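Here's the structure we're looking at; comments come further down.
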Amino acid sequence: MSEPVEPLDVNSRCGFVALIGAPNVGKSTLVNALVGSKVTIVSRKVQTTRALIRGIVVEGRSQIILVDTPGIFAPKRRLDRAMVKTAWSGAHDADLVCVLLDARAGIDEQAEAIFDNLQNVARPKLLVLNKIDLVPREKLLGLAQRANEKLAFERTFMISALSGDGVDDLRRVLAEKVPPGPFHYPEDQMSDAPLRHLAAEITREKIFRKLHQELPYQSTVETDTWTERKDGSVKIEQTIFVERESQRKIVLGAGGATIRAIGADARREISEILEQKVHLFLFVKVREGWENDPERYREMGLEFPKE
1 MSEPVEPLDV NSRCGFVALI GAPNVGKSTL VNALVGSKVT IVSRKVQTTR ALIRGIVVEG
61 RSQIILVDTP GIFAPKRRLD RAMVKTAWSG AHDADLVCVL LDARAGIDEQ AEAIFDNLQN
121 VARPKLLVLN KIDLVPREKL LGLAQRANEK LAFERTFMIS ALSGDGVDDL RRVLAEKVPP
181 GPFHYPEDQM SDAPLRHLAA EITREKIFRK LHQELPYQST VETDTWTERK DGSVKIEQTI
241 FVERESQRKI VLGAGGATIR AIGADARREI SEILEQKVHL FLFVKVREGW ENDPERYREM
301 GLEFPKE
């Protein structure tokens with residue numbers, strides 16, 4: 001006799017909410033405030049969104065999946081262009097778009113560009129004025145009016161993500177506005193895998209940018225530990241695996257100069273993405289034939305190719 005199937009909650013709701021804004025408007029702080037604790041990172045669903053899922057909020061019978069897009073800015077490097085493209089992909093793929101403005105900065109050149117691009121995003125939009133504790137109320141009301149004249153926002157929220165002021169109201173409305181449907185993620189299957197993998201990929205990119213032809217493609221980086229410190233910084237330990245001792249010496253460089261340069265570049269970029277201080281420690285080890293080990297692929301979040 002088959003086991004009974006638990007009926008779906010017909011009243012449940014679930015959806016993706018993209019957080020759009022210029023760098024340093026407080027997106028990461030808002031994610032933490034909405035989740036209610038230090039964010040647990042969850043595996044992204046590639047077929048649903050190309051942006052990184054930063055947190056899951058369960059509010060009543062609603063599951064809100066927060067998509068933390070990179071800060072939108074004028075791209076100069078190839079990587080910059082990729083990050084901006086990812087941000088707009090996240091907006092187009094989401095069910096709702098939260099547009100964050102730094103109330104102190106107001107509608108500056110970056111905000112103007114974001115508003116212009118959002119004209120092409122056919123998703124319900126909410127305006128979130130952040131850092132309201134630092135701005136007089138009269139200025140906030142004027143800023144909200146100007147922003148709503150530029151773009152048709154369904155609702156406007158005034159919050160301080162740092163203190164939590166106004167965050168409960170935003171969370172409640174997001175829960176009401178995500179579409180009906182079953183939860184996408186069980187609450188017991190959250191992990192911090194994607195950020196660990198992203199950090200490893202950044203370091204790997206720096207290795208190849210620094211060494212070019214000197215190091216074969218058969219090398220990889222794994223994030224061994226990820227420790228949140230009380231001062232708000234994060235300590236990350238990574239191991240760079242190569243196939244031969246001669247390659248290990250190339251990565252280390254004379255007196256360790258090469259690996260120090262790689263670590264400095266990787267640390268800077270990881271810190272920009274996390275919006276927090278990063279302490280990065282790199283180690284280099286020889287591991288022969290790693291590319292034939294399925295476990296290594298699973299650790300990187302990849303499917304092991306059968307052929």
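The letter at position 259 of the sequence shown is residue 259 when you use our numbering, and the numbering goes up by one with no holes. Heads up, the beta-carbon is just placed ideally off N, CA and C, and yes, glycines get one too. Remember, it's a predicted structure, so these values are computed and weren't measured experimentally.
Inter-residue spacing [alpha-carbon to alpha-carbon] between residue i and residue j
i, j, result
"residue 67", "residue 18", "5 Å"
"residue 151", "residue 251", "50 Å"
"residue 270", "residue 231", "17 Å"
"residue 268", "residue 274", "10 Å"
"residue 169", "residue 286", "53 Å"
"residue 11", "residue 35", "22 Å"
"residue 238", "residue 247", "17 Å"
"residue 309", "residue 253", "As displayed, the chain neither begins before 1 nor continues past 307, which places residue 309 out of reach and without an answer."
"residue 207", "residue 228", "25 Å"
"residue 162", "residue 128", "14 Å"
"residue 100", "residue 225", "32 Å"
"residue 135", "residue 167", "17 Å"
"residue 263", "residue 30", "29 Å"
"residue 259", "residue 282", "8 Å"
"residue 111", "residue 221", "37 Å"
"residue 280", "residue 148", "42 Å"
"residue 157", "residue 184", "27 Å"
"residue 272", "residue 143", "28 Å"
"residue 105", "residue 98", "17 Å"
"residue 114", "residue 204", "31 Å"
"residue 171", "residue 160", "13 Å"
"residue 212", "residue 276", "29 Å"
"residue 219", "residue 209", "13 Å"
Where residue i falls: helix, strand or coil (DSSP)
i, result
"residue 233", "coil"
"residue 288", "coil"
"residue 75", "No answer about residue 75 holds up, because its pLDDT of 46 lies below 50 and its placement is not dependable."
"residue 159", "coil"
"residue 112", "helix"
"residue 60", "coil"
"residue 307", "Low local confidence applies: a pLDDT of 49 at residue 307 is under 50, so the model's placement there is unreliable, and no value is given."
"residue 281", "strand"
"residue 242", "strand"
"residue 177", "helix"
"residue 106", "coil"
"residue 164", "coil"
"residue 48", "Any answer about residue 48 is weak, because its pLDDT of 23 lies below 50 and its placement is not dependable; what the coordinates show is given next. Of the three classes helix, strand and coil, the one that applies to residue 48 here is coil, per DSSP."
CB contact flag (residue i, residue j, <8 Å)
i, j, result
"residue 56", "residue 15", "no"
"residue 146", "residue 107", "yes"
"residue 199", "residue 236", "yes"
"residue 284", "residue 234", "no"
"residue 196", "residue 173", "no"
"residue 130", "residue 102", "yes"
"residue 376", "residue 96", "What the structure shows of the chain is the stretch from 1 to 307, and residue 376 is not part of that stretch, so it cannot be assessed."
"residue 124", "residue 13", "no"
"residue 243", "residue 288", "yes"
"residue 60", "residue 175", "yes"
"residue 140", "residue 132", "yes"
Span of the beta strand (DSSP E) around residue i
i, result
"residue 18", "13–20"
"residue 224", "220–228"
"residue 102", "96–102"
"residue 126", "125–130"
Extent of the continuous alpha helix (DSSP H) to which residue i belongs
i, result
"residue 32", "27–35"
"residue 120", "Element bounds for residue 120: n/a, residue is neither H nor E."
"residue 348", "Since the first and last residues shown for the chain are 1 and 307, residue 348 lies out of range."
"residue 139", "137–150"
"residue 265", "257–274"
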